[in-house]
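Residue numbering for the sequence shown follows the numbering used here, starting at 55 and increasing by one per position.
The beta carbon of each residue, even a glycine, is placed where N, CA and C say it ideally should be.
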Amino acid sequence: MVGRIFSSIIFAAALGSRSREAEALRRDARRGLAQRVCQGAFVMAEDRARFDTTERHLITL
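Structure (structure tokens):
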């Protein structure tokens with residue numbers, strides 16, 4: 055369970071914080087297609103929708 059959650063997290067720094075991919079990720083967060091977990095870390099909304107209540111709680115920790 056935990057491995058699936060953490061493998062869903064996308065880090066902007068891993069993409070290059072000023073790269074086109076990181077900018078697209080932040081744009082997706084503004085559009086609701088991704089959720090910001092914390093600064094620089096995101097989860098795609100479709101992945102988060104598959105999480106149960108416990109998994110959603112763990113992702114915010």
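Asked, Found
"Residues near F65 by beta carbon distance below 7 Å, same chain, minus five either side", "G94 and A95"
"Own chain partners of M98 with C-beta closer than 6 Å, once the 5 adjacent residues on each side are dropped", "A88"
"In DSSP terms, what Q89 is bridged to", "V97"
"Proximal residues to A76 (C-beta, below 7 Å), its chain only, five neighbours per side dropped", "A66, L69 and G70"
"Contact under 8 Å by Cβ, D105 with I63", "Before going further, note that residue 105 is Phe rather than Asp in the sequence given. No. Outside cutoff."
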